[in-house]
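Participant: With the first letter of the sequence shown counted as 1, position 149 gets the number 149 in our numbering; the numbers rise by one all the way through.
Just so you know, even glycine gets a beta-carbon here, dropped at the ideal spot from N, CA and C.
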Amino acid sequence: MKASMASYQSIALDLAKRIMNEEFPVGSKISGRTVLASQYSVSPETIRKAIAILKEANIVSVSQGKEIIVLSSQQACYYVRHHEEMVSAYSLSQELEALMIEKEENDKQFRKIVGEIMRYSDRLKNLSPYNPVDIRVANHSFVIGKPLQDLRMWQNTGATIVAVRRGTEIIVSPGPHAVLQADDRIVVVGAGDVWQKVTNFINKGN
Numbered sequence: 001m002k003a004s005m006a007s008y009q010s011i012a013l014d015l016a017k018r019i020m021n022e023e024f025p026v027g028s029k030i031s032g033r034t035v036l037a038s039q040y041s042v043s044p045e046t047i048r049k050a051i052a053i054l055k056e057a058n059i060v061s062v063s064q065g066k067e068i069i070v071l072s073s074q075q076a077c078y079y080v081r082h083h084e085e086m087v088s089a090y091s092l093s094q095e096l097e098a099l100m101i102e103k104e105e106n107d108k109q110f111r112k113i114v115g116e117i118m119r120y121s122d123r124l125k126n127l128s129p130y131n132p133v134d135i136r137v138a139n140h141s142f143v144i145g146k147p148l149q150d151l152r153m154w155q156n157t158g159a160t161i162v163a164v165r166r167g168t169e170i171i172v173s174p175g176p177h178a179v180l181q182a183d184d185r186i187v188v189v190g191a192g193d194v195w196q197k198v199t200n201f202i203n204k205g206n
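(1) Here's the rule: buried if 16 or more other CB atoms are within 10 angstroms of the residue's CB, otherwise exposed. What is residue 197?
(2) Name the residue from 68, 63 and 44 whose alpha carbon lies nearest to the alpha carbon of residue 16.
(3) Let me know the secondary structure DSSP gives residue 128 once reduced to three states.
(4) How long is the line joining the alpha carbons of residue 73 and residue 46, rounded to whole angstroms?
(5) When the Cβ atoms of the stretch 91-106 are set against those of the stretch 47-63, are three or more pairs found closer than 8 Å?
(6) Taking the alpha-carbon positions, what's the residue 172 to residue 200 distance?
(7) In whole angstroms, give me the CA-to-CA distance for residue 9 and residue 36.
(8) Between residue 116 and the rest of its own chain, which residues show a CB-CB distance below 8 Å, the 5 nearest in sequence each way excluded?
(9) Indicate whether at least one CB of chain C lies closer than 8 Å to the CB of residue 64.
(10) Would you kindly work out how many angstroms separate the C-alpha atoms of residue 39 and residue 91, rounded to a whole number?
(11) Would you kindly report the start and end of the unbroken alpha helix (DSSP H) that includes residue 52?
(12) What are the start and end residues of the alpha helix (DSSP H) that includes residue 35?
(13) With DSSP collapsed to three states, give me the class of residue 29.
(14) Around the C-beta of residue 190, are 16 or more other C-beta atoms found within 10 angstroms, so that it is buried, or is it exposed?
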């Protein structure tokens, strides 16, 4: 289905709405092609195509003398509602397609970030004794809700936070205003027993 209708389709829909709203009552005659062409600023051929659609839908009949007679307002209502349903379905299809494209882009970005953090971790592992370790932030930790700059991590533990893993999200090099949450896993580097020092520090409770 195309995003926009042809002129004759738009005119057919408009005439169906006018019939549905009883601007053209059942049994009445609709102006001839020439008059309708003038009203809609299109060619008589375009009007012919529009009327052919309404005739096929049993909304109007066309006599040998080319008179256009309204047959059914109910059929006009069915036609209009069918069109609205088709438009809604098309709109939802377009929205779904846009979401799928966005998801693909997000997946690509996620894979890129994961790859970068893995390469970053691999490089750090080779810089002995500064091996990266990750520590879970317990639910009772005093660090929850506090910005990193207030924790003075380096001064208290000798460790540097290089990343935070939050579910499927990876925050690389979190800034001083980043706030930790329960169940975050912080990736740190430092010498010696840095894992134990950081674990004891962040999970000592309030």
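Facilitator: Quick answer:
(1) Answer is buried; the Cβ neighbour count reaches 16.
(2) A check of alpha carbon separations from residue 16 across 68, 63 and 44 identifies 68 as the nearest.
(3) A caution first: residue 128 carries a pLDDT of 49, below 50, which makes its placement in the model unreliable, though a value can still be read off. The three-state reading of DSSP puts residue 128 in coil, since its state is none of H, G, I, E or B.
(4) If you draw a straight line from the Cα of residue 73 to the Cα of residue 46, it comes to about 22 Å.
(5) Pairwise C-beta distances place the stretch 91-106 out of contact with the stretch 47-63, as fewer than three of them are shorter than 8 Å.
(6) Each residue's alpha carbon lies about 23 Å from the other.
(7) Approximately 14 Å, taken between the alpha carbons.
(8) By the criterion of a C-beta distance shorter than 8 Å, residue 116 is surrounded in its chain by 172, once the five residues flanking it on both sides are discounted.
(9) This model lacks chain C altogether, as it is built from one protein chain only.
(10) Computed Cα separation, rounded: 30 Å.
(11) Its alpha helix (DSSP H) spans residues 44-56.
(12) Counting along the chain, the alpha helix (DSSP H) containing residue 35 begins and ends at 33-40.
(13) Residue state for residue 29 is assigned as strand, using DSSP reduced to three classes.
(14) The C-beta of residue 190 has 16 or more other C-beta atoms within 10 Å across all chains shown, which makes the residue buried.
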